[in-house]
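Worksheet for the structure shown next.
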Amino acid sequence: MTLKTFILNTNMHGSQTMPDGKTINIWGFVDAGCCSGGGGMRSDSTGIMGGSMSRGGMGGGGGGGGGMGGIVVPNPLITVNEGDDVEITVNNHSMMEHTLHLHGLDVDTANDGDPMTYPAIPPMGSYTYKFKAANAGTYFYHCHVDTVLHQQMGMYGPLVVKAANGVNHAWTGGPAYDKEYVWVLSEYDSTWHNSMQGSVNYSYYNPDYFLINGKANPGPSADSKTAITARKNQTVLVRLINTGYLVAVVSLGGLPFRVIASDGRPLPSAPTTSSQTIAPGERYDLLITFGSSGNWLAEVKYLNWFNQTFRGKANTKITATMS
Amino acid sequence: MFQWSLEMKEGLIDLPAQDPALYTWGYEDKNGFRSPGPPLLVTEGEPVELTVTNDLWESHSFSISGTSVNSSISSGQTQVITFTAPPPGTYIYGDFTNPLNRALGLCGGLISMPSGITNSPWAGGPTFDRQYLWLLTSLDSTWNRAIQNRLPVDTKIYRPNYFFINGSAYPESMMKMSMPEMPDLEGLMIHEMLNSSILIRIANAGLVPHSVHWHGFHVKQIAKDRNRMSGFLIKDNILISPQATTDVILTFDKVGKYMTHDHILMSLTANGVYPNGALAMFEIM
Numbered sequence: 405m406t407l408k409t410f411i412l413n414t415n416m417h418g419s420q421t422m423p424d425g426k427t428i429n430i431w432g433f434v435d436a437g438c439c440s441g442g443g444g445m446r447s448d449s450t451g452i453m454g455g456s457m458s459r460g461g462m463g464g465g466g467g468g469g470g471g472m473g474g475i476v477v478p479n480p481l482i483t484v485n486e487g488d489d490v491e492i493t494v495n496n497h498s499m500m501e502h503t504l505h506l507h508g509l510d511v512d513t514a515n516d517g518d519p520m521t522y523p524a525i526p527p528m529g530s531y532t533y534k535f536k537a538a539n540a541g542t543y544f545y546h547c548h549v550d551t552v553l554h555q556q557m558g559m560y561g562p563l564v565v566k567a568a569n570g571v572n573h574a575w576t577g578g579p580a581y582d583k584e585y586v587w588v589l590s591e592y593d594s595t596w597h598n599s600m601q602g603s604v605n606y607s608y609y610n611p612d613y614f615l616i617n618g619k620a621n622p623g624p625s626a627d628s629k630t631a632i633t634a635r636k637n638q639t640v641l642v643r644l645i646n647t648g649y650l651v652a653v654v655s656l657g658g659l660p661f662r663v664i665a666s667d668g669r670p671l672p673s674a675p676t677t678s679s680q681t682i683a684p685g686e687r688y689d690l691l692i693t694f695g696s697s698g699n700w701l702a703e704v705k706y707l708n709w710f711n712q713t714f715r716g717k718a719n720t721k722i723t724a725t726m727s
Numbered sequence: 053m054f055q056w057s058l059e060m061k062e063g064l065i066d067l068p069a070q071d072p073a074l075y076t077w078g079y080e081d082k083n084g085f086r087s088p089g090p091p092l093l094v095t096e097g098e099p100v101e102l103t104v105t106n107d108l109w110e111s112h113s114f115s116i117s118g119t120s121v122n123s124s125i126s127s128g129q130t131q132v133i134t135f136t137a138p139p140p141g142t143y144i145y146g147d148f149t150n151p152l153n154r155a156l157g158l159c160g161g162l163i164s165m166p167s168g169i170t171n172s173p174w175a176g177g178p179t180f181d182r183q184y185l186w187l188l189t190s191l192d193s194t195w196n197r198a199i200q201n202r203l204p205v206d207t208k209i210y211r212p213n214y215f216f217i218n219g220s221a222y223p224e225s226m227m228k229m230s231m232p233e234m235p236d237l238e239g240l241m242i243h244e245m246l247n248s249s250i251l252i253r254i255a256n257a258g259l260v261p262h263s264v265h266w267h268g269f270h271v272k273q274i275a276k277d278r279n280r281m282s283g284f285l286i287k288d289n290i291l292i293s294p295q296a297t298t299d300v301i302l303t304f305d306k307v308g309k310y311m312t313h314d315h316i317l318m319s320l321t322a323n324g325v326y327p328n329g330a331l332a333m334f335e336i337m
């Protein structure tokens, strides 16, 4: 039995500067083991304090306008292996209640982070969420207090359960891959972020920034955790997570892929396709085998809630070299 | 034979959070006025006779998605619509001629059960202990007020601000209780037994998609729009588009209290106030 532990602090004093120069307020969970530059616990599959947490989506400490408070959106990637026992302690260093909901991990009520079924973490309090990572796959975590606001403000991050023993298979006994990427898809409504809480009508969502791993166009995003680089004949796994509020459509510039899993479970069949729709809360795992070298421009299109017309997009590059 | 009478008419609904009663349309049957309409439960192959009256001031239709039932009824007229109950599945009835009708409440759910079977959605299908219908709708209160004043509505602009399952929003929806010994097809505060399996028929009768997420469990998605899936999908988050229906089987492998809700989180508001709207709760013992 391997136990992996993590510590997250809540933080409500962050800001992010967007490509057009606008600064927006963000909230988040931050890795308690780091403040600026690098940090986070190193991976150790035999140890107890051995979980792997990294700043998925934003390369390096503080880059890209991370600004005050060390908050990065999406919040740190948590990686564990199938079969691990996991404990995530959340220190609520704020004056509001928060929780951590482990989306898709089927945890019991005491660890579900839903204030409607179990008390939230009070200001300056702490709570340790415990679960067994039973199914390899792609998940995420987010605050579930006043969720419509807290999640939008940035309190979300990816959580990956790798196959048993951390091997690079999509699930234990599943298809192998050489590299993997996590793409967290979401939007920002800057009015929601920059207004006094309660002064905005949260039934009306008008996002003006469209993101992959927290970065907006003008793209394509060259961020090393987003832009895909591979060699001919390599297989790449892309884990899509929709933490936003709009339905998104992901295409890889004509590059075909197989959709092999969703919501942490293998799909019964995985036909080859060139486009995948992903709704808020859903996850899809895409498997790309590069039969040739080439360059592709991937696109995430975000659709309006009514009539599903185009609202905004984010792009990134995919590059496969000969060797 | 299944017989039922429905009257399409104006009415009022109590809204959660701030508003007083809101003008709307809906159906009145022997149990009273409802917006959206009541669930209709039929058995495949049986004769169905629906007596539908149009008490509104313009023509409205009564149709059932995925069937040939499609009758236009003039203002003031009553029509007796007869048909054979369709193949087993989850259907939506209503006036589909203009999105305004469903937004104002002229819609409802229809369940067709397989002949002689009460614990499976089709012969040889997965079994369940109890079944539930979740009819998803929303409304844009500016549309309701415009129609109340006989003003035109631009149906290209829809900004919903109230959200419902079976016409009910949280927290009032927690009073729609279902217990194993007294099950309610439309239950939203659902008490169930450990190791029970339930069938949830989700019907999106509204104008926007919903992305239903289950806390605590994954579900087996077994049918989409009455098409039985050859390989069931195991999901904890399912997208359901306007006018679509889907059926899932949920098996409770642990006790506790767990929420199910739309992850398009505006659906959990009432004119901006959270928490409200489209959520259901399970308590497993």
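Chain order of the listed sequences is A and B. Per the working numbering, the very first residue in the first sequence carries number 405; after that it's consecutive. Per the working numbering, the very first residue in the second sequence carries number 53; after that it's consecutive. Glycine is no exception: its CB is placed at the ideal position from the N, C-alpha and C atoms. Nothing here was measured: the structure is a model prediction, and the numbers come from that model.
Spatial neighbours of residue i within its chain, please: CB distance less than 7 Å, with the 5 preceding and 5 following residues excluded, ordered by chain position.
i, result
"Gly463 (chain A)", "Low per-residue confidence applies at Gly463 (chain A): pLDDT is 28, beneath 50, and the placement is therefore not dependable, though the value from the model is reported in the following sentence. Same-chain partners within the cutoff: Asp627, Ser628 and Lys629."
"Gly451 (chain A)", "Legend: pLDDT at Gly451 (chain A) = 26, less than 50; position of this residue unreliable, no value from coordinates given."
"Gln273 (chain B)", "Met281, Phe284, Leu285, Lys287, Ile290, Thr298 and Val300"
"Phe535 (chain A)", "Val490, Leu506, Leu509, Val511 and Asn515"
"Val604 (chain A)", "Thr595 and Trp596"
"Asp107 (chain B)", "Glu59, Met60 and Lys61"
"Lys583 (chain A)", "Ala634, Gln638 and Val640"
Can you find the residues in the same chain that come closer than 8 Å, C-beta to C-beta, to residue i, ignoring five residues on each side of it along the sequence?
i, result
"Val260 (chain B)", "Ser190, Tyr210, Pro212, Pro294 and Ile316"
"Asn415 (chain A)", "Trp431, Gly432, Phe433, Val434, Gly473, Gly474, Ile475, His497 and Ser498"
"Lys309 (chain B)", "Met333, Phe334, Glu335 and Ile336"
"Thr713 (chain A)", "Leu707"
Of the choices the options, whose alpha-carbon is the least far from that of residue i?
i, options, result
"Val549 (chain A)", "A:Gly517, A:Gly570 and A:Ile428", "A:Gly517"
"Pro526 (chain A)", "A:Met499, A:Leu481, A:Ser666 and A:Asn479", "A:Met499"
"Asn196 (chain B)", "B:Pro90, B:Pro72 and B:Pro232", "B:Pro72"
"Arg635 (chain A)", "A:Ile645, A:Ser696 and A:Ser607", "A:Ser696"
"Asn97 (chain B)", "B:Ser87, B:Ser111 and B:Trp174", "One detail in the question is off: residue 97 (chain B) reads as Gly in this sequence, not Asn. When each option's Cα is compared against that of Gly97 (chain B), the closest is B:Trp174."
"Glu238 (chain B)", "B:Ala155, B:Arg182 and B:Leu64", "B:Arg182"
"Leu690 (chain A)", "A:Thr723, A:Arg715, A:Ile645 and A:Asn708", "A:Ile645"
"Ala537 (chain A)", "A:Lys566, A:Ala524 and A:Asp667", "A:Lys566"
"Gly146 (chain B)", "B:Tyr222, B:Leu67 and B:Leu162", "B:Leu162"
"Asn323 (chain B)", "A:Gly602, A:Gly658 and A:Leu641", "A:Gly602"
"Ser625 (chain A)", "A:Leu589, A:Asn572 and A:Gly558", "A:Leu589"
"Asn218 (chain B)", "B:Cys159, B:Glu101, B:Val205 and B:Leu64", "B:Cys159"
"Val571 (chain A)", "A:Tyr606, A:Pro611, A:Asn621 and A:Ala540", "A:Ala540"
Identify the residues that DSSP records as bridge partners of residue i: which are they?
i, result
"Trp587 (chain A)", "A:Leu644"
"Gln420 (chain A)", "A:Ile428"
"Gln680 (chain A)", "A:Val654"
"Ser625 (chain A)", "A:Thr720"
"Thr233 (chain B)", "Note that residue 233 (chain B) corresponds to Glu in the displayed sequence, not to Thr. Answer is none; Glu233 (chain B) lacks a bridge partner."
"Asp299 (chain B)", "B:Arg253 and B:Ala275"
"Cys159 (chain B)", "B:Gly146"
"Thr713 (chain A)", "Answer is none; Thr713 (chain A) lacks a bridge partner."
"Ala634 (chain A)", "A:Ala724"
Once the 5 residues before and after residue i are set aside, which same chain residues still bring their CB inside 6 Å of it?
i, result
"Thr427 (chain A)", "Ser419 and Thr421"
"Gly470 (chain A)", "Because the pLDDT of Gly470 (chain A) is 38, which lies under 50, any placement of that residue in the model is unreliable, and the question is left without a value."
"Thr303 (chain B)", "Ser249"
"Arg446 (chain A)", "Residue confidence for Arg446 (chain A) is low, a pLDDT of 34 falling below 50, so the modelled location carries little weight; the figure read from the coordinates is stated next. There are no such residues."
"Phe215 (chain B)", "Ser190, Ser319, Gly329 and Ala330"
"Thr725 (chain A)", "Arg635 and Ser697"
Taking C-beta to C-beta, are residue i and residue j nearer than 8 Å?
i, j, result
"Thr134 (chain B)", "Met60 (chain B)", "no"
"Thr503 (chain A)", "Met311 (chain B)", "no"
"Ile632 (chain A)", "Val704 (chain A)", "no"
"Pro480 (chain A)", "Thr647 (chain A)", "no"
"Trp587 (chain A)", "Leu656 (chain A)", "no"
"Asn719 (chain A)", "Gly577 (chain A)", "no"
"Ser123 (chain B)", "Gln131 (chain B)", "yes"
"Leu553 (chain A)", "Glu591 (chain A)", "no"
"Thr639 (chain A)", "Thr551 (chain A)", "no"
"Ile292 (chain B)", "His262 (chain B)", "yes"
"Ile682 (chain A)", "Ala652 (chain A)", "yes"
"Leu152 (chain B)", "Val205 (chain B)", "yes"
With a cut-off of 8 Å on the beta carbons, I'd call residue i and residue j a contact; round off their distance for me.
i, j, result
"Ala255 (chain B)", "Leu188 (chain B)", "7 Å"
"Ala568 (chain A)", "Asn637 (chain A)", "Not confirmed; about 26 Å, so no contact."
"Ile492 (chain A)", "Tyr533 (chain A)", "5 Å"
"Asp510 (chain A)", "His270 (chain B)", "6 Å"
"Thr76 (chain B)", "Gly157 (chain B)", "5 Å"
"Ser164 (chain B)", "Ala137 (chain B)", "5 Å"
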